[in-house]
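Numbering (the working numbering), first residue to last: 713 to 1209. In this text, a Cβ means the ideal position worked out from N, Cα and C, and glycines have one as well. Since we're looking at a predicted model, the values are computed, not measured.
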Amino acid sequence: MNTASTISDITRDSVQRELAAIVGSEWVLHTPDELIVYECDGLTLHPRLPDFVVFPSCTEDVVQIMAVAQRHTIPFLPRGAGTCLSGGAIAVEGGIILEFSRMKRILNLDFDNRMATVEPGVVNLHLTQAAKKKNFYYAPDPSSQMVSTIGGNVAENSGGPHTLKYGVTTNHVMALEVVLPDAEVYELGTAAGDFAGYDLVGAFVGSEGTFGTVTKATVRLLYSPPAVKTMLAVYDSVVDATRTVSGIIARGIVPAALEMIDSNTIQAIEASVYATGIPKDAEAVLLIEVDGLEAGIEQQMERVVEVIRGNNAREIRIAKDEAERKKLWAARKNAFGAYGRISANYYTMDGVIPRSKLPEVLQEIDALGRKYGLRMANVFHAGDGNLHPIILYDASQPEAKEKVLSLAGDILRRCVEVGGALSGEHGIGLEKQEFMALFFSERELGVMQQLKAVFNPQNLANPSKIFPMRRGCGEMPKNLLEQADQKYKAVDEMVRF
713 MNTASTISDI TRDSVQRELA AIVGSEWVLH TPDELIVYEC DGLTLHPRLP DFVVFPSCTE
773 DVVQIMAVAQ RHTIPFLPRG AGTCLSGGAI AVEGGIILEF SRMKRILNLD FDNRMATVEP
833 GVVNLHLTQA AKKKNFYYAP DPSSQMVSTI GGNVAENSGG PHTLKYGVTT NHVMALEVVL
893 PDAEVYELGT AAGDFAGYDL VGAFVGSEGT FGTVTKATVR LLYSPPAVKT MLAVYDSVVD
953 ATRTVSGIIA RGIVPAALEM IDSNTIQAIE ASVYATGIPK DAEAVLLIEV DGLEAGIEQQ
1013 MERVVEVIRG NNAREIRIAK DEAERKKLWA ARKNAFGAYG RISANYYTMD GVIPRSKLPE
1073 VLQEIDALGR KYGLRMANVF HAGDGNLHPI ILYDASQPEA KEKVLSLAGD ILRRCVEVGG
1133 ALSGEHGIGL EKQEFMALFF SERELGVMQQ LKAVFNPQNL ANPSKIFPMR RGCGEMPKNL
1193 LEQADQKYKA VDEMVRF
């Protein structure tokens, strides 16, 4: 077990009594056996024990818990289902985890205005299921949507396969009720979705719990498209599959989803309960979905199929009904869990590159894996260049963790070097904070920290996240330093004039 707590025993006893008075003693976890369940989130490489896990049932509970944290100068952080893959829900400095599984009510479904208001513990998929009775749905659909919560999605600005066409979480949040570290409740945004003044909702979404805690979210609902077609394209070459991705987008076609699955992932899926008959000798498959009006869906399909055939696909399978479509998506969304069939452990990464760089970077990722003696797998949002390289490893092997982290660092550096970004949807958190200097200058990071201090002046809200704890992460490549300086100078010129 790992703990970073600096709370004295006297303070600990006092805080425990105060928290129990707020929510009841059965809703305050404090023993090591209870806390170990919360030592990490989906990133398991850096476990830390919190001092307390508290289960609020309403906004007023959150206000009072924040007041306790403020009074005793104790760090705190919100947690939903713990599916975050960047360490966002790890209590690096101990303190209080606010666990939102009790705040899981859908407070309002307003179909006339196409929106819903929910508490942070509402499971993503449950919102769509509730809206389905009127033929609506909630668009952001991370692979963890069966368990991940809206509050966590807001904190990390989560994406998913269908955000290629419909956008990530920030594009669907209209208003937020939040409790800041000063234990005050604030309303950000409006139900109308129009912002007067600064877009504080946009600032809060993706802030990874470092600004405060969401207690309610008003989000957009979309009307379900009248027609949906889903297909699987099978390739003997990863290069041909990636060229298909660029070819589809270059034709002006924006599918609802455009996902790529490589050979190692195919092996994992086909060995699991989610097997769907993908040829095991295929090098890659694309899962492509188009939607829209019935009148135009076939024309869209024809244009997509033309690009697929032009890039040497050996097989095209079109889902014949909704059951087959769901089976294809179940295979894709459960791919991460299926890796247990082919590897003792795996580490999921998240980076973004230009679509045109997919063939080059995927080959380099494979070569980097061989350099470290580790197998790689890939399943990712190919349409928007959001990579999810999977490092397959065995934690019982000597220096396994060190090799995995070194390989991950090399992959992230390469993403930035080709014009990409550090994260598409998983966030920075604890995982990538030391790589922020690859993408931002010190002055840019300083501006971000100043903004954080406005919301979180004592640094109690999810401390030790996002920003580097030390300078750099090895020597920063000269060309990246120059790019960062040039970017800052350009912004500075715009501000002054």
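Closest by C-alpha distance to residue i, when choosing among the options
i     : options                       : result
L1099 : A1079, G1085 and H1138        : H1138
W739  : R1126, R1053, L933 and C770   : C770
L797  : P854, Y898 and D1078          : P854
T977  : M858, F1092, A1025 and V957   : F1092
G1022 : T956, L1040, V1073 and V966   : T956
E899  : C1127, T930 and N883          : T930
P768  : L810, N847, I748 and A1047    : L810
K928  : V834, I1123 and E1036         : V834
G872  : I981, D1062 and Y986          : D1062
H874  : P937, T922, R817 and V1019    : P937
G1168 : L1150, I981, T723 and T785    : For the record, residue 1168 in the displayed sequence is Asn; it is not Gly. The candidate whose alpha carbon is nearest that of N1168 is T785.
D1078 : I1102, Y1058 and N1057        : I1102
L1040 : Y1059, V985, E1014 and D993   : V985
A1043 : Q1170, Q979 and T1060         : Q979
A828  : L837, R1155, Y850 and C1127   : Y850
S860  : G879, A842 and H838           : H838
G1049 : E1018, N836, M1160 and I981   : I981
I1020 : A945, E1010 and I1140         : A945
R702  : Q782, A887, E920 and D948     : With the chain running from 713 to 1209 in the structure shown, residue 702 is simply not present.
Q1170 : Q782, I818, K992 and H758     : Q782
V1130 : I1140, P1071, L1142 and E1114 : P1071
V735  : G799, R814 and E746           : R814
G879  : F1151, Q1161 and G1136        : G1136
Paired residues, beta bridge with residue i - DSSP
i     : result
N1057 : Y1105
A1089 : I1102
R932  : M827
R791  : E811
I786  : Partner(s): none; I786 has no beta bridge.
Y986  : In DSSP, Y986 forms no bridge with anything.
N869  : Paired residues: none, contrary to the question.
R1029 : L944
F1048 : Answer by DSSP bridge pairing: none, since F1048 is not bridged.
D822  : M827
D974  : A996
A887  : G901 and T930
A1120 : A1120 is not bridged to any residue.
V780  : Note: V780 sits in no beta bridge, so no partner.
Y849  : L934
G1004 : A939
Outcome for residue i when other beta-carbon atoms lying within 10 angstroms are tallied against a minimum of 16
i     : result
K1038 : exposed
S720  : exposed
N820  : exposed
G1184 : At G1184 the pLDDT is 43, less than 50, meaning the model places this residue with poor confidence; the figure from the coordinates comes in the next sentence. Exposed, because fewer than 16 other Cβ atoms sit within 10 Å of the Cβ of G1184.
R1053 : exposed
I990  : buried
Y935  : exposed
L1104 : buried
K1045 : buried
P852  : buried
S1153 : buried
L1005 : exposed
G1008 : exposed
T868  : Checking the sequence shown, residue 868 turns out to be Glu, not Thr. That one is buried.
D1197 : Low confidence applies here, because D1197 scores a pLDDT of 42, under 50, leaving its location unreliable and the question unanswered by this model.
I722  : exposed
A1165 : exposed
V1128 : buried
D1106 : exposed
R1155 : exposed
T840  : buried
The ligand SAH heavy atom lying under 8 angstroms from the CB of residue i
i    : result
V774 : Although the ligand SAH was asked about, the structure shown includes no ligands whatsoever.
Supposed close pair residue i, residue j - CB separation, criterion 8 angstroms
i     : j     : result
S1210 : Y1084 : Beyond the ends of the chain as shown, which are 713 and 1209, falls residue 1210; an answer cannot be given.
G863  : V940  : That belief does not hold up - the Cβ atoms of G863 and V940 are roughly 29 angstroms apart, past 8 angstroms.
L741  : V765  : 4 angstroms
M943  : R1029 : 6 angstroms
N1090 : L1080 : About 12 angstroms separates the two Cβ atoms, so there is no contact after all.
S856  : T795  : 4 angstroms
V890  : G918  : Not quite, the Cβ-Cβ distance comes to about 14 angstroms (not below 8 angstroms), so this is no contact.
K877  : A968  : 5 angstroms
M1148 : P1110 : Rounded, the Cβ-Cβ distance is 30 angstroms, inconsistent with contact.
G800  : G1141 : 4 angstroms
V1116 : L1086 : 7 angstroms
>> With a threshold of 8 angstroms, are at least 3 pairs of Cβ atoms found where one atom belongs to the segment 747-760 and the other to the segment 772-785?
In response: Of all C-beta pairs linking the segment 747-760 to the segment 772-785, fewer than three are shorter than 8 angstroms, placing the two stretches out of contact.
> Is there contact here, the segment 968-978 with the segment 993-1004, by at least three beta-carbon pairs under 8 angstroms?
Replying inline: At 8 angstroms Cβ cutoff, the stretches touch.
> Looking at C-beta atoms only, is the number of pairs between the segment 1061-1069 and the segment 1083-1099 that lie closer than 8 angstroms three or more?
Replying inline: Judged by Cβ distances under 8 angstroms, the segment 1061-1069 makes contact with the segment 1083-1099, as three or more pairs qualify.
>> Check whether the segment 781-793 and the segment 1170-1179 are in contact - that is, three or more C-beta pairs closer than 8 angstroms.
In response: Yes: the two stretches touch, three or more of their Cβ pairs being nearer than 8 angstroms.
> Per the contact definition of three or more C-beta pairs closer than 8 angstroms, is the segment 797-817 in contact with the segment 911-918?
Replying inline: Result no; under three Cβ-Cβ pairs closer than 8 angstroms.
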